[in-house]
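Note that the sequence shown ends on residue 351 in the numbering used here; no numbers are left out.
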Amino acid sequence: MFLSATLLDTTPGLGKRGQSIRLALNPSDVHIAHEIDTFLAGFAPQGFRADEACPVALVDKQTDRYRTFGSNNVFKQVEVRTSRQAGIQEVDIETSLSTYITDERALGAFIPRATQDQATFDVKAGHAMRIQEALGLDREIRIFGSGGLLSTSGNWNANNVATIGAGAQWNDAENSDPILDIQERIEASAQLITGIYLNPQVAHAFLRADRVRTHMRQMLGDGAPNPNVVGATTTMSNVDFVIPGLPPFHVVAGKVLNETSGALDFILADTVIL
């Protein structure tokens with residue numbers, strides 16, 4: 078929009094001449110910037126999976142004991158043959174007691190009433206979201222992070238732990254054999270393997286390996302695989318994929334700030350957990 082004004086020159090002897098002056102108004106001249114109260118931008122965690130791998134067991138007491146049935150209850154063979162007149166063999170269950178101790182964890186935020194009243198966004202909701210994400214990150218690190226419950230080799234039976242040597246590691250796509258490595262861990266396990274957890278870098282190295290492609294060709298042929306047989310699903314940032322003959326793969330993509338380097342590191346290191 079333009080505003081114009083006409084000025085009359087009344088200088089003697091010059092007559093009347095009109096002069097037009099135009100004043101241009103820019104948006105910055107008529108607008109004061111305000112924060113949009115219907116939109117917030119930010120980052121989101123790449124999917125926490127600790128609750129999938131280690132479901133929470135709710136308890137009533139801060140400390141108590143729990144019972145575990147030993148492997149002999151399942152794997153030890155007993156004599157079950159008998160006859161009409163013979164006695165019947167008996168068995169006893171084998172159990173052990175262990176102690177659990179709960180660790181309290183909590184976070185809070187102090188928001189003065191004056192701050193809340195003057196805020197241009199919902200500061201209470203924002204702090205609640207921050208607390209929720211921090212508690213979730215802490216649990217993810219306790220399960221999958223350095224020194225975590227599942228990522229510490231000392232927490233596993235030594236027969237179920239394997240270290241892949243140089244020249245056979247999965248990022249060596251030509252010489253590695255990830256299929257064999259996983260199959261050997263499956264064979265060593267006393268229980269059915271229901272899932273495989275790995276970070277995105279390890280998952281990508283796995284999928285690039287020559288022997289993995291050979292295995293898929295062996296199971297599926299050279300044609301395009303049926304999406305129901307080999308597929309990738311994404312739910313709330315969690316990416317899974319399935320390969321015939323192996324348990325489902327679950328990609329643990331969560332990251333944590335490395336306060337030394339300033340980089341974002343994967344919570345689960347170069348470790349595959351079955």
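C-beta: ideal position from N, C-alpha, C; glycine also.
Predicted model, so just to flag it, every value in this text is computed and none were measured.
Can you tell me which of G298, T229 and Y177 puts its alpha carbon nearest to the alpha carbon of I350?
-> Within the sequence shown, residue 350 is the residue found at index 273, counting from 1. It is T229 whose Cα lies nearest to the Cα of I350.
Identify every residue that forms a DSSP beta bridge with K332.
-> As a position in the sequence shown, residue 332 is number 255, starting the count at 1. Its beta-bridge partners are F343.
Name the DSSP bridge partner or partners of S223?
-> Indexing the sequence shown from 1 puts residue 223 at position 146. Answer by DSSP bridge pairing: none, since S223 is not bridged.
Can you tell me the Cα-Cα spacing of G272 and V289, whole angstroms?
-> The residue given as residue 272 occupies position 195 in the sequence shown. The residue given as residue 289 occupies position 212 in the sequence shown. Answer to the nearest angstrom: the Cα atoms are 17 Å apart.
Given L345, which residues of its chain have a CB within under 6 Å of its CB, disregarding the five upstream and five downstream residues?
-> Here residue 345 corresponds to residue number 268 of the sequence shown, with the count starting at 1. Here the set comprises F221, N276 and V329.
Hey, could you find the ends of the beta strand (DSSP E) S175 is sitting in?
-> Position 98 of the sequence shown, counted from the start, is the residue given in the question as residue 175. Taken as a continuous stretch (DSSP letters only), the beta strand (DSSP E) holding S175 covers T172 to I178.
To which residues of the same chain is S266 closer than 8 Å at the C-beta, ignoring the five residues directly before and after it?
-> Your numbering for residue 266 matches position 189 in the sequence shown. Within the same chain, S266 has close Cβ partners N237 and L351.
So, helix, strand or coil for R161, using DSSP?
-> As a working mapping, residue 161 is identified with position 84 in the sequence shown. In the structure shown, R161 sits in coil (DSSP, three-state: anything other than H, G, I, E or B).
Cβ shell of E156 (< 8 Å), same chain only, five flanking positions each side left out | As a first step, residue 156 is located in the sequence shown; it is residue number 79 there, counting from the start. Same-chain partners within the cutoff: Q166.
6 Å CB neighbourhood of G339 in its chain, flanking five on each side removed = Translated into the one-based positions of the sequence shown, residue 339 becomes position 262. Hits under 6 Å: none found.
Would you decide whether A163 is buried or exposed? Buried here means 16 or more other CB atoms lie within 10 Å of its CB.
-> Sequence index remark: in the sequence shown, residue 163 carries index 86 (1-based). So A163 counts as exposed.
Return the CA-CA distance between Q154 and I320, expressed in angstroms with no decimal places.
-> For the purposes of this step, residue 154 is taken as the residue at position 77 of the sequence shown. For the purposes of this step, residue 320 is taken as the residue at position 243 of the sequence shown. The straight-line gap from Cα to Cα measures roughly 34 Å.
Return the first residue and the last residue of the beta strand (DSSP E) that L257 is part of.
-> Here residue 257 refers to the residue found at position 180 when the sequence shown is read from its first residue. Here L257 belongs to no beta strand (DSSP E); instead the alpha helix (DSSP H) covers P255 to A265.
If you count every other CB in all the chains shown that lies within 10 Å of the CB of V279, and 16 or more means buried, which is it?
-> Counting from one through the sequence shown, the residue named residue 279 turns up at place 202. Answer is buried; the Cβ neighbour count reaches 16.
Tell me whether I270 sits in a helix, a strand or coil according to DSSP, three-state version.
-> Taking the first residue of the sequence shown as position 1, residue 270 is located at position 193. Coil, per DSSP.
Answer with buried or exposed for M313, where buried requires no fewer than 16 other C-beta atoms within 10 angstroms of its C-beta.
-> Start at 1 with the first residue of the sequence shown, and residue 313 comes out as number 236. Any reading at M313 must be qualified, since the residue scores a pLDDT of 46, below 50, and its modelled position is unreliable; the value itself is stated next. It counts as exposed.
Decide if E181 is buried, meaning its Cβ has at least 16 other Cβ atoms within 10 Å, or exposed.
-> For the purposes of this step, residue 181 is taken as the residue at position 104 of the sequence shown. Counting Cβ neighbours within 10 Å, E181 comes out exposed, since fewer than 16 surround it.
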